[in-house]
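Step one of this worksheet: look at the structure below.
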Amino acid sequence: DSDCDNSIVDEDTDTDGDLEPDCVDIDDDGDLFPDVVDCEPTNDQHYPNAPESCDSVDGDCDGSLVDEFPNLDGDDEPDCIDSDVDGDGDPGFNDCNDADASVYAGAPEACDLVDSDCDGSLVDEHANLDGDDEPDCIDLDDDNDLDPDTSDCNDADPTVYTGAAEACDSVDSDCDGSLVDEDSNFDGDSEPDCVDADDDNDLDLDIDDCNDSDSTIYTGAPEACDLVDSDCDLSFVDEFTDTDGDLDPDCTDSDDDGDIFPDVVDCDPTDPDIYPLAPESCDTVDSNCDGSLADDFSDVDGDDEPDCIDEDDDGDNDPDVTDCDDADPAVYTGAPEACDSVDADCDSSLVDEFANLDGDSEPDCIDVDDDGDEDPETTDCDDQDPTVFTGAPESCDSIDSNCNSSLADDFSDLDGDDEPDCIDPDDDGDNDPDVTDCDDQDSDVFTGAPESCDSVDSNCNGSLVDDFDNLDGDEEPDCIDADADGDSVTQDSDCDDADATVFPGAPELCDGIYNDCSASGYSASSAPVAESDDDGDQFVECASDAASWVGSSLVTGWGDCDDGDPSVFSGAVELCDGQFNDCDATAYDPSSAPDDELDLDDDDFVACIEYSASIWSGDVQVVGGGDCDPDDISIHPGASELCDNIDSDCDLSLIDEFLNSDTDTLPNCVDPDDDDDGVLDDDDCAPLDPTVDTGAGGDPGSQLFAYTGGTQTLVVPDCVTTVTLELWGAQGSDGNDTDRGIGGQGGYATGNLGVQPGQLLTITVGGQGGYNGGGSGGIGQSEGGLGGSAGSGGGASTVHRDGTLLVVAGGGGGGGNSYYNGGFCCDTGGDGGPGGGPDGGNGLVGSNDGMGGGGGVGGSQSSGGTAGVEYNNTPEPTSGSQGSGGDGGGGFYHTAGGGGGGGYYGGGGGGGPSWGSGRAGGGGGGGSSWLGSLANASTQTGVRSGEGQVTISWGN
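Numbering (the working numbering), first residue to last: 5 to 960.
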């Protein structure tokens with residue numbers, strides 16, 4: 005106030021009356037928009053984003069009159085004030101459609117529904133068959149026959165349409181795809197007969213075809229023997245036979261030979277002399293067709309051949325010239341002979357094969373004295389023997405030569421049976437022939453006669469003994485034998501005359517009885533000690549065999565080596581009792597036992613398994629049997645088990661209380677394949693899991709981790725010893741106004757990590773909003789409070805194991821913000837620096853005249869990036885640090901610097917611009933990646949858009 009009048013306005017202009025002259029007032033019209041951005045700084049109705057009216061004034065200071073108003077031709081005039089709305093050069097008063105730039109007076113016409121040239125016609129130079137106001141190209145019915153072109157089979161002919169009346173011609177008038185319709189079409193082709201030159205389609209034109217309705221009839225067709233002229237040559241005969249020449253071939257002629265008798269009754273329709281009732285001759289022709297040649301001629305054998313021509317009249321298959329009686333069919337050469345007076349076989353003999361004992365010309369069957377002994381058969385008792393006749397001399401034989409009905413006559417006949425003894429096979433009549441009867445003069449002696457105990461062999465079997473006792477087998481039954489047992493001691497001196505082994509002084513046998521009658525201990529009811537079964541095992545001490553034993557006790561064997569123990573005898577089953585049981589065993593020793601019954605290792609157990617204390621007879625007492633290794637004192641039933649390949653407790657199992665995952669016969673401690681999956685434990689990455697058998701690499705697999713805003717975990721799968729890590733950091737966020745800076749893309753890091761199954765990996769995926777280390781975007785300050793904000797830095801993606809950082813993929817820097825949303829044309833926020841790589845990328849400086857906010861520097865392997873240049877705004881940007889990006893600096897109004905990207909070391913925050921000059925904030929720097937000790941590791945800069953991501957894979 006130089007003149008001290010309490011006003012700094014004085015004569016200066018003060019448009020908004022705020023007592024601040026326009027020359028120093030940054031907002032002359034008081035519309036809250038600085039003059040530097042207000043296109044009408046002295047009009048408070050015009051300012052950025054002011055409401056627009058459709059007029060020629062840019063009320064909202066955006067450099068355009070159009071804004072949200074329609075602007076069909078895209079020029080800088082909204083339609084409401086544009087004299088040529090569609091921009092086709094034709095003013096609206098001549099343009100018949102000022103909303104379409106292709107429509108105007110004189111425009112080229114296309115064949116469509118648009119009158120492009122505004123001449124009031126759609127036809128113009130285009131074809132229009134039916135003369136309506138639609139050219140054919142768009143007319144749905146070109147010929148105006150009321151049938152749309154889509155169904156009209158000829159849209160250029162109004163007489164042709166669907167359902168039109170059909171004429172018999174070559175035009176499909178009704179569009180049904182057929183020329184035939186209701187017209188006749190004999191051959192079924194596509195042409196009706198009225199226009200078809202070959203109606204029956206036999207390739208013979210109708211003008212030449214003698215029957216054009218039959219495809220089998222045409223010029224030159226093959227002829228059948230019928231009444232049809234198939235080949236059109238005016239003849240039915242052709243090559244066929246016509247016996248009577250009546251032009252009717254035999255095949256169709258009912259009387260082929262013309263004898264007036266139809267073929268059906270004429271037995272020879274080709275011979276006019278043969279017909280029913282024709283005169284007959286005695287020959288081989290049936291002239292009268294009655295089925296017979298005989299008729300009234302003689303026919304002895306009735307074979308329908310009259311005898312006048314029959315060479316065998318009697319039908320006996322012997323020609324009349326050799327048949328000795330051609331009127332008798334039973335008589336012919338070689339006929340079977342009967343014994344009679346007829347020579348049936350024509351050999352001039354009646355005898356033939358018949359008996360003729362006396363050799364005359366009469367066979368015996370008709371001869372009254374067959375043997376010719378002059379004694380007729382009526383009195384001859386044997387007419388076959390000439391030596392036998394009434395009164396013939398007799399001989400002592402079986403022939404009644406004199407026919408007196410007796411053979412005995414004066415010959416001897418002991419049994420009076422009329423058979424003289426000279427020929428009688430059983431002289432004494434006892435039914436036993438003389439040849440087998442040992443006395444044919446005694447009828448009580450014969451084969452099979454009942455025997456008596458005597459010296460007569462009544463039954464002729466050559467023995468006196470038969471079924472009588474004969475102890476010594478000397479052919480004298482005991483009833484008449486003085487020494488019945490054949491021991492040369494007579495019954496009166498023998499103490500047992502029924503046993504040849506028992507007599508005074510007899511040697512003692514192993515037979516269960518005393519043999520010497522004079523022995524001091526003799527007893528008929530007992531036996532010597534060696535022949536007694538003292539232990540009841542059915543074995544005795546003496547040596548014998550089953551055939552000689554006669555003792556009263558049951559004995560099955562001999563040679564009992566211990567008759568005081570029923571379990572010891574020859575052939576005894578070996579028991580688990582500490583001694584030999586089989587006396588016949590090659591190693592038998594009464595003072596020892598078989599090896600499996602000896603406690604060789606002094607562990608109180610023997611090898612045999614049937615041990616029972618109740619039968620144990622060994623010299624050394626034991627606890628039990630079943631010792632599976634009798635040479636090892638540590639191995640026996642009940643012994644302590646170790647987990648090894650030895651069955652120490654002899655229970656037939658190596659398992660016992662030890663772990664056996666696959667339930668086979670081996671415990672895990674000795675099983676080379678505990679889970680029985682076919683992969684040995686040394687090579688099996690999961691030896692107790694049969695579903696995992698892939699070896700050290702593990703089943704191939706992977707898992708993707710997307711951004712969630714929190715930590716995530718992965719348990720390393722079975723068998724996996726190496727994983728591949730792939731990490732992408734998040735992109736930085738863009739500034740939030742129109743001319744904003746773009747956030748830098750996130751980095752990429754990868755490498756192989758050695759792991760152990762079951763280890764826990766912790767994954768953190770970076771987010772665009774700054775999650776996991778991204779710096780915050782700066783916030784602009786305006787007169788009304790907080791303005792727009794710049795983009796936050798992208799968060800880093802990381803993987804930890806047991807709290808130890810393994811790898812980092814850096815995030816991109818946030819984009820700087822411009823002055824105002826849709827503001828000045830040249831104010832653009834700086835882009836954020838790309839994340840990743842050993843060093844993150846630098847953010848870009850905010851645009852305009854060199855006074856924009858500085859870009860943040862990218863993070864490195866050892867330090868965070870420094871903050872960008874800040875022009876006296878608050879808060880100031882901060883530098884990045886390990887794991888975190890710096891925050892962006894503040895600005896005025898909406899301008900601000902972008903946040904630094906997160907990373908191993910974060911990028912620096914972008915700086916805010918100067919007040920009133922450069923009007924855009926700088927971008928944040930990108931965060932760095934870090935590969936730690938990963939194998940085959942690498943990193944890339946700026947490759948990820950959007951949120952971060954982590955992928956972990958294995959076994960590939």
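C-beta: ideal position from N, C-alpha, C; glycine also.
Asked, Found
"Can you list, in chain order, the residues of its chain with a C-beta nearer than 7 Å to that of D330? Leave out the 5 residues immediately preceding and following it.", "D317, D318, D324"
"I need the straight-line Cα distance from S793 to D22, nearest angstrom please.", "31 Å"
"Can you tell me whether A710 is helix, strand or coil according to DSSP?", "strand"
"Do the stretch 748 to 763 and the stretch 719 to 734 make contact, defined as three or more Cβ pairs closer than 8 Å?", "yes"
"For a quick check, are the C-beta atoms of S822 and T742 less than 9 Å apart?", "yes"
"Applying the 10 Å Cβ sphere with the 16-neighbour rule, what's the burial state of D230?", "exposed"
"Quick one: grab the DSSP three-state call for V544.", "coil"
"Quick check: the Cα distance between S574 and C514, rounded to an integer number of angstroms?", "15 Å"
"Between the C-alpha atoms of Y222 and L251, what's the straight-line distance to the nearest angstrom?", "21 Å"
"Within its chain, find whatever has a CB closer than 7 Å to the CB of S557; leave out the 5 residues flanking it on each side and keep chain order.", "G516, D537"
"Look up D370 in the DSSP assignment and say whether it is helix, strand or coil.", "With the sequence shown as reference, residue 370 is identified as Ile, and Asp is not the correct amino acid for it. Of the three classes helix, strand and coil, the one that applies to I370 here is helix, per DSSP."
"Suppose contacts are defined by Cβ-Cβ distances below 9 Å. Is G930 in contact with G782 by that definition?", "no"
"Would you call the CB atoms of G841 and D738 closer than 9 Å?", "no"
"What is the residue span of the beta strand (DSSP E) that Q953 lies within?", "953 to 958"
"Helix, strand or coil for E535, going by three-state DSSP, please let me know.", "helix"
"Do the CB positions of F584 and G563 come within less than 9 Å of each other?", "no"
"Looking at G850 and G889, is the spacing between their C-beta atoms short of 9 Å?", "no"
"Return the first residue and the last residue of the beta strand (DSSP E) that Q445 is part of.", "From DSSP, Q445 is part of no beta strand (DSSP E); its letter is neither H nor E."
"Just how far apart, CA to CA, sit T166 and D202?", "29 Å"
"Going by DSSP, what residues sit across from A939 in a beta bridge?", "N756"
"Compute the distance between the beta-carbons of G902 and G771, then report whether it is under 9 Å.", "no"
"Rounded to the nearest angstrom, how far is the Cβ of G925 from that of G815, given a contact under 8 Å?", "Rounded, the Cβ-Cβ distance is 18 Å, inconsistent with contact."
"Suppose the cutoff is 8 Å on Cβ atoms and the five residues either side in sequence are ignored; what does the same chain contact list for S285 look like?", "S291"
"Run the CB neighbour count on P364, radius 10 Å, all protein chains shown included, and call it buried at 16 or more, exposed below.", "Looking at the sequence itself, residue 364 is Asp, so the reference to Pro does not match. Looking at its Cβ environment, which holds fewer than 16 other Cβ atoms inside 10 Å, D364 is exposed."
"Using CA coordinates, which residue listed in Y908, D136, P879, G904 is at the minimum distance from G895?", "P879"
"Measuring alpha carbon to alpha carbon, tell me which of F265, A690, D218 ends up nearest C293.", "F265"
"Reducing DSSP to helix, strand and coil, say where S60 ends up.", "coil"
"According to the Cβ coordinates, are D233 and F240 closer than 9 Å?", "yes"
"Please name the residue in D688, C612, T560, D675 whose C-alpha comes closest to that of N649.", "D675"
"What number of angstroms, rounded off, separates the C-alpha of E72 from the C-alpha of S60?", "14 Å"
"Report the three-state DSSP secondary structure of E730 (helix, strand or coil).", "strand"
"Checking 9 Å against the spacing of the C-beta atoms, do A800 and Y711 come in under that value?", "no"
"Report the start-end ranges of each beta strand (DSSP E) in the stretch 348 to 429 that is 3 residues or longer and not cut off at the edges.", "none"
"May I have the straight-line CA-CA distance separating C407 from D421, to the nearest angstrom?", "18 Å"
"Can you look up S217 in the DSSP assignment and give me helix, strand or coil?", "coil"
"Thinking G555 and E535 are a contact (beta carbons under 8 Å), I'd like their distance in whole angstroms, please.", "6 Å"
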